[in-house]
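Chemist:
Numbering (the UniProt record's numbering), first residue to last: 1 to 119.
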């Protein structure tokens, strides 16, 4: 997807009021979240997070969408050593206060969805 096309997609998403259901229904829009993370932290961070997921005992794996969202944010944050809650909130992800508090000791990342509009 070209920078111009993802700027249009992000602008349209912002117009929805950051509706997470809209985000989930638009695969290329959703992929932009992961593109930003890859650009900022590289594929190694993803590999490390995936390895941590694989190592989780079954009883510690997320059981519903909210737990999946929270775990993805907290696990990625702890892996890269930065609090990514503001980044995920900028994308409209419904992260819980409990999840945000669990990584509040990490420095902020400064990463935001709006960075895509400045590319």
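Note that CB positions come from ideal geometry on N, CA and C, so glycine has one too.
Give me the Cα-Cα distance between residue 29 and residue 40, rounded to the nearest whole angstrom.
Modeler: 17 Å
Chemist: For residue 97, which of helix, strand or coil comes out of DSSP?
Modeler: helix
Chemist: Measure from the alpha carbon of residue 83 to the alpha carbon of each residue in 61, 104 and 93, then state which is nearest.
Modeler: Ranked by Cα distance from residue 83, the options 61, 104 and 93 are led by 104.
Chemist: In three-state terms, what does DSSP make of residue 42?
Modeler: helix
Chemist: May I ask you to verify whether the region 51-60 touches the region 20-34, counting CB pairs closer than 8 Å and requiring at least 3?
Modeler: no
Chemist: Counting along the chain, where does the alpha helix (DSSP H) carrying residue 113 start and finish?
Modeler: Where residue 113 is concerned, there is no enclosing alpha helix (DSSP H), given that its DSSP letter is neither H nor E.
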